[in-house]
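According to this note's numbering, the sequence shown is numbered sequentially starting from 508.
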Amino acid sequence: MNEKRKIKVGVIFGGRSGEHEVSLMSAQSVMDALNRDKYEVIPIGITRDGRWLTGDVMAALTEGRDTARPAALLPDPKSSALMRVGMQETAPASLTAVTELDVIFPVLHGPYGEDGTVQGLLELAGLPYVGANVVGAAVGMDKAIFKHVMTASGIPVVPWRLALSGKWGRWPSAVLDEIETALSYPVFVKPANLGSSVGISKCKNRAELGAGLDEAAQYDRRIVVEQGIDARELEVSVMGNDDPIASVVGEIRPRREFYDYHAKYLAEPGSEEESELIIPANLPPAVAGKVQALAVQAYRAIDCAGLGRVDLMMDRDTGDLYMNEINTIPGFTRISMYPKLWAASGIPYDELLDRLIGLALERHEVKSGFKSDF
């Protein structure tokens, strides 16, 4: 009796964004948990300067070992192979197939991965992949565009303004005056296209606002400045294609000024700096249901697919809910909020990976049935 062929899963990680290290942690967790009886895992790494690698990629990216070789995916739907790139001084580069791929699991946080760029390549290559399509990824990544879509969809967001780094560099006083006219302190300053709280500052006065704009401008030309409110930070994991479902609601209670990069990834477990993750959040059932409904509504509004972690805020004084953002490739370590919320909802980590791969294959099959000519 022939043994059933394993599904070949290409896990792409690393990348050119400020979230490179986060991606490595998430990818290692995903690769460790994928059932080797079902899947053959093919690591595909991307260096900080954008070079694609195959082989013992994790050692190459984390320890600088010479254990990986240049690789590429071709934007050709007739080829689903991961290609090894042979570099020769006296001849053109050569391509050799490493293995065929059945599905891609991108674990690329931030720009050049979570923003629709890699998704565009995978669409051209005709490969199934986990997560949002080009539009969903791009809109979910850009905090400013996302807020416009939320407003158009009737989903509340806090007051905010967009600043351009070029204008900030040339006319700083005018930018500060414009923000101070529209918003009151404290405010949060964020790069429009970054996640994991990289480049985010909480600003309580004009001097701190200037420093926050300087910090954010190092990462993006578009900077979002949001009105700060006294809020509870709520998160919901959403999964699905046309019929998405929501997890239980979780709450993050930061012990620092806010849930920043340090609190998410660097704080020692049990330390005073570690944020408290409350699952499920202490909310009346009707309120939790409203939070879940808003999360699914936002997920549908950007045509998200596969997965997304939806972050909301609840005003402590009024109880009003505000949409914050969607992470279409959220952190994926076992202690990350996305899988923890599903675990609390009855879906353990390994089953969650199975479902996400299944959703990717399902969506690809549906798209493959569409006509491309008329």
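Beta carbons are placed, not taken as given, at the ideal position from N, Cα and C, and that holds for glycine.
Treat the numbers as computed from the prediction; the structure is a model and nothing was measured.
Query	Result
Cβ of V798 within 8 Å of Cβ of L784?	no
Sorted by chain position, which residues of the same chain lie with C-beta nearer than 8 Å to H655's C-beta, five sequence neighbours on each side aside?	none
Between which two residues does the alpha helix (DSSP H) harbouring M844 extend?	844-851
Give the list of continuous beta strand (DSSP E) stretches no shorter than 3 residues that lie fully inside the region 582-633.	588-593, 601-607, 610-614
For F612, which residues in the same chain have their Cβ closer than 6 Å to its Cβ, ignoring the five residues on either side in sequence?	V516, V518, V637
Determine, using beta carbons only, whether A738 and M821 come nearer to each other than 8 Å.	yes
Taking DSSP as the reference, what is the three-state secondary structure of W678?	coil
Can you tell me whether V516 is helix, strand or coil according to DSSP?	strand
To which residues of the same chain is V592 closer than 7 Å at the C-beta, ignoring the five residues directly before and after it?	P577, A578, A579, A600, L602
From the DSSP output, which residues share a beta bridge with K709?	F695
Leaving out the 5 sequence neighbours to the left and right, which residues in its chain are closer than 7 Å to S530 when beta-carbon positions are compared?	F520, G521, G522, V614, L615, H616
Pull up the distance between the alpha-carbon of E872 and that of L631, whole angstroms please.	15 Å
Can you list, in chain order, the residues of its chain with a C-beta nearer than 8 Å to that of M590? Leave out the 5 residues immediately preceding and following it.	A578, A579, L580, L581, L602, T603, A604, V605
At 3 residues or longer, and completely inside the region 797-837: list those beta strand (DSSP E) runs for me, N to C.	813-822, 828-834
So what does A578 bridge to, in DSSP terms?	R591
Does the structure place the region 683-702 close enough to the region 664-673 that three or more beta carbon pairs sit under 8 Å?	yes
What are the start and end residues of the beta strand (DSSP E) that includes R729?	729-734
Less than 8 Å between the C-beta atoms of Q535 and M565, yes or no?	yes
Distance, Cα to Cα, R807 vs N834?	13 Å
With a threshold of 7 Å on Cβ separation, who are the neighbours of A867 within its own chain once the five nearest residues in sequence on each side are excluded?	V610, P635, Y636, V637, G813
Please go through the same chain and pick out, in chain order, the residues whose beta-carbon is closer than 7 Å to the beta-carbon of L690, but skip the five residues on each side of it.	P666, R668, V732, Q734
Relative to the alpha-carbon of A659, which residue among E858, P761, M830, D857 has its alpha-carbon at the smallest distance?	M830
Terminal residues of the continuous alpha helix (DSSP H) containing S879?	First-last for S879: undefined, no H or E at that position.
Helix or strand or just coil, what does DSSP make of P550?	strand
Which word fits T825, buried or exposed, when buried means at least 16 other C-beta atoms lie within 10 angstroms of its C-beta?	exposed
Hey, out of S843, A588, L629, whose CA is closest to E742's CA?	S843
Taking the CB atoms as reference points, tell me whether V646 and I809 lie closer together than 8 Å.	yes
Rounding to the nearest angstrom, what Cα-Cα distance links A788 and L848 in this structure?	10 Å
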